[in-house]
Amino acid sequence: MSGTADQKRENDQLIALANKIQNFHVEVSRRVTSLNTVVDMIQGGWQGAASQEYDRVQREVNVHLKKLQDNLVDLEDVMRMAVNGFDEHEQERIAEIRRVDNSGESQAQAEAGMRGQTYTTDRITSLA
1 MSGTADQKRE
11 NDQLIALANK
21 IQNFHVEVSR
31 RVTSLNTVVD
41 MIQGGWQGAA
51 SQEYDRVQRE
61 VNVHLKKLQD
71 NLVDLEDVMR
81 MAVNGFDEHE
91 QERIAEIRRV
101 DNSGESQAQA
111 EAGMRGQTYT
121 TDRITSLA
């Protein structure tokens, strides 16, 4: 098999993997949106400490889900950039992705950024 054929096969595999990652991302978004809808309905009937504690736990879960979604988007981006190798701009983007440390985000910042927003299929814009 020639180098060109090998490269095409590798590119096709990278594209297929990026598509699978995107589909998984969309499915996770759909399920989390559904879960939050159910949680909102259930929590509407709760009062006091139980409601507050459940809300706190759900916000923590949402923070972790947002990190997962962000990582999936970054991974998909890298897979798509890998097709036919990386140009200089793409290498800079990969370096930028590596510098981002989601675990460094404070809980307060994460919660503040998530109030009152909704999911999209291409990225979580917020949760809860």
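Residue numbers for the sequence shown follow the UniProt record's numbering, so the first one is 1 and each next one is one higher.
We put the beta carbon where it would ideally sit given N, CA and C, even for glycine.
All figures in this text were calculated on a predicted structure; none of them were measured in a lab.
Item to check | Same chain, Cβ closer than 8 Å to Ser51, neighbours up to 5 away in sequence not counted | outcome: Numbered from its first residue, the sequence shown carries residue 51 at position 51. Counting only Cβ-Cβ distances below 8 Å, and skipping sequence neighbours, we find Gln43.
Checklist entry - By a C-beta neighbour count over all protein chains shown, 10 Å radius and 16 as the cutoff for buried, is Asn62 buried or exposed? => result If you number the sequence shown from 1, residue 62 lands on position 62. With 16 or more Cβ atoms within 10 Å of its Cβ, Asn62 is classed as buried.
Next on the checklist: Our contact map puts Glu92 next to Met81 with C-beta atoms below 8 Å; I'd like the distance itself, whole angstroms only.
Outcome noted: As a position in the sequence shown, residue 92 is number 92, starting the count at 1. As a position in the sequence shown, residue 81 is number 81, starting the count at 1. Incorrect: roughly 11 Å between the Cβ atoms, too far for contact.
Checklist entry - Where does Asn84 fall in DSSP's three states? => result Within the sequence shown, residue 84 is the residue found at index 84, counting from 1. Coil at Asn84, not helix or strand.
Checklist entry - How big is the Cα-Cα spacing for Ala18 and Glu60? => result Translated into positions along the sequence shown, residue 18 becomes position 18. Translated into positions along the sequence shown, residue 60 becomes position 60. Distance between the alpha carbons of Ala18 and Glu60: 28 Å.
Checklist entry - Can you tell me the Cα-Cα spacing of Phe86 and Val73, whole angstroms? => result Counted from its first residue, the sequence shown places residue 86 at position 86. Counted from its first residue, the sequence shown places residue 73 at position 73. For Phe86 and Val73, the gap between their C-alpha atoms comes out near 17 Å.
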